[in-house]
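*Asks:*
This is the structure we're talking about:
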């Protein structure tokens, strides 16, 4: 069961530049900031209430995030819903015939994550996440 | 420093058929569409779901063209603040262009939009209980 909005993803040219607004001007606390090599992104999570804002800066040009930035520019990229069982969410989606990006959950900045294909939701990219017990 | 933001109030999903997109999200994700309304003034069709403190707002045109492929995108972000006047002043003091707070669609709420500097995200702040709630005539 999806319990809450874990985060919204925002693709940015430069996380450092974006943090001038999200961290410095809004005063949001950075809870994670690291490069995920296999995804070719630097991800920065900023806490806001029970959710987070995730800034995604591409670190190389051959990734989906880089292509998004190239074709659409900076802006909202995906919504991540939290679940206590990402495997069950993915299996439930599969049984409904929903087109998937990830065939099985993988480790991401938000914990164990998976993405549905945007075609499944009228073009909106949806992520499921189950946070790790030890946090980010 | 900061603007006293308490939580993400709502995420706007723009669609050329908001009813269809909201229903698809309900079917695919199991979220419940709690309310539908026509936005006063623009006649935009709105549908709302809520997960804990965050509202998903599906927004679309008054009369969707039913023969068109439905396309949606995550459009913008609204954060709740305790004091919108203080939030606006803080942002302006830091060089951001922010609209004057005005009456929001949500009863008793005021909203102000930030123009530029948000990394391409249409962005606003909202304060509830900022205005007396009008009783129906």
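Residue numbers (our numbering), protein chains in the order written: chain C, 57 to 192; chain F, 13 to 149.
Here a beta-carbon is modelled for each residue, glycine too, at the ideal position from N, C-alpha and C.
Predicted, not measured: the structure shown is a model, and the values here were computed from it.
What are the boundary residues of the alpha helix (DSSP H) that residue 123 (chain C) is part of?
*Replies:* That run of the alpha helix (DSSP H) goes 120–128.
*Asks:* What first and last residue would you give for the alpha helix (DSSP H) that runs through residue 37 (chain F)?
*Replies:* It spans 30–41 - the alpha helix (DSSP H) in which residue 37 (chain F) sits, taken as one unbroken run.
*Asks:* How would you call residue 24 (chain F), buried or exposed, if buried means at least 16 neighbouring beta carbons within 10 angstroms?
*Replies:* Residue 24 (chain F) should be labelled buried.
*Asks:* For residue 139 (chain F), list the residues DSSP reports as bridge partners.
*Replies:* Note: residue 139 (chain F) sits in a beta bridge opposite F:122.
*Asks:* Could you tell me the distance, in whole angstroms, from the CA atom of residue 116 (chain C) to the CA atom of residue 48 (chain F)?
*Replies:* Residue 116 (chain C) and residue 48 (chain F): Cα-Cα distance of roughly 42 Å.
*Asks:* I need the straight-line Cα distance from residue 16 (chain F) to residue 91 (chain F), nearest angstrom please.
*Replies:* Cα to Cα, the separation comes out at about 10 Å.
*Asks:* Along chain C, which residues have their Cβ under 9 Å away from the Cβ of residue 82 (chain F)?
*Replies:* Chain C residues near residue 82 (chain F): 178, 179.
*Asks:* Any chance the segment 128–135 of chain F sits against the segment 130–144 of chain C, with 3 or more Cβ pairs inside 8 Å?
*Replies:* Because the criterion of three Cβ pairs below 8 Å is met, the segment 128–135 of chain F and the segment 130–144 of chain C touch.
*Asks:* Against chain F, does residue 105 (chain C) count as a neighbour if the rule is that its beta carbon must be under 7 Å from one of theirs?
*Replies:* Yes - at least one Cβ of chain F is within 7 Å of the one on residue 105 (chain C).
*Asks:* Report the three-state DSSP secondary structure of residue 152 (chain C) (helix, strand or coil).
*Replies:* The answer is coil: DSSP assigns residue 152 (chain C) none of H, G, I, E or B.
*Asks:* Buried or exposed for residue 177 (chain C), please, with buried defined as at least 16 other CB atoms from any protein chain shown within 10 angstroms of its CB.
*Replies:* The residue is buried, with at least 16 neighbouring Cβ atoms inside 10 Å.
*Asks:* Count the other CB atoms, across all protein chains shown, that sit within 10 Å of the CB of residue 141 (chain F); report buried if there are 16 or more and exposed otherwise.
*Replies:* By the neighbour-count rule (16 or more Cβ atoms within 10 Å), residue 141 (chain F) is not buried but exposed.
*Asks:* Would you mind reading off the limits of the beta strand (DSSP E) that contains residue 68 (chain F)?
*Replies:* From DSSP, the beta strand (DSSP E) with residue 68 (chain F) extends over 66–72.
*Asks:* Who are the near neighbours of residue 83 (chain F) in its chain, counting only those whose CB is closer than 8 Å to its CB and skipping five residues on each side?
*Replies:* 27, 28.
*Asks:* Assess contact between the segment 161–176 of chain C and the segment 49–57 of chain F, defined as three or more Cβ pairs (one per stretch) separated by less than 8 Å. Is contact present?
*Replies:* In short, these stretches do not touch, since the Cβ pair count stays below three.
*Asks:* Where does residue 140 (chain C) sit, in a helix, a strand or coil, going by DSSP?
*Replies:* It is coil, neither helix nor strand.
*Asks:* Leaving aside the five residues before and after residue 161 (chain C) along the sequence, list all residues of the same chain whose C-beta is less than 7 Å from its C-beta, in chain order.
*Replies:* The answer, listed in chain order, is 142, 143, 146, 168, 169, 170.
*Asks:* Counting only Cβ pairs nearer than 8 Å, list the residues of chain C close to residue 69 (chain F).
*Replies:* In chain order: nothing, as chain C lies at least about 12 Å away.
*Asks:* Using 10 angstroms around the beta-carbon of residue 55 (chain F), count the other beta-carbons present and answer buried if the total reaches 16, otherwise exposed.
*Replies:* So residue 55 (chain F) counts as exposed.
*Asks:* Between the alpha carbons of residue 38 (chain C) and residue 68 (chain F), how many angstroms are there, rounded?
*Replies:* What the structure shows of chain C is the stretch from 57 to 192, and residue 38 (chain C) is not part of that stretch, so it cannot be assessed.
*Asks:* Would you call the segment 92–108 of chain F in contact with the segment 33–40 of chain F, where contact means no fewer than 3 C-beta pairs closer than 8 Å?
*Replies:* Judged by Cβ distances under 8 Å, the segment 92–108 of chain F makes no contact with the segment 33–40 of chain F, as fewer than three pairs qualify.
*Asks:* Using a C-beta cutoff of 7 Å, does residue 130 (chain C) count as contacting chain F?
*Replies:* Output row for residue 130 (chain C): interface = yes.
*Asks:* Below 7 Å between beta carbons is the criterion; list the residues of the segment 105–117 of chain F that meet it against any residue of chain C, in chain order.
*Replies:* Cβ contacts with chain C: 106, 108.
*Asks:* Leaving out the 5 sequence neighbours to the left and right, which residues in its chain are closer than 8 Å to residue 122 (chain C) when beta-carbon positions are compared?
*Replies:* These residues qualify, in order along the chain: 96, 114, 116.
*Asks:* Mind listing the chain C neighbours of residue 27 (chain F)? Cutoff is C-beta to C-beta under 7 Å, in chain order.
*Replies:* Those within 7 Å of residue 27 (chain F) in chain C are 178.
*Asks:* What would DSSP say about residue 69 (chain C), mapped onto helix, strand or coil?
*Replies:* Three-state result, residue 69 (chain C): coil.
*Asks:* So with CB distances below 8 Å, who are the chain F contacts of residue 58 (chain C)?
*Replies:* What residue 58 (chain C) touches in chain F: 41, 42, 43, 63.
*Asks:* Just the C-alpha distance for residue 113 (chain F) and residue 125 (chain F), rounded to the nearest angstrom, thanks.
*Replies:* Spanning the two alpha carbons is a distance of roughly 8 Å.
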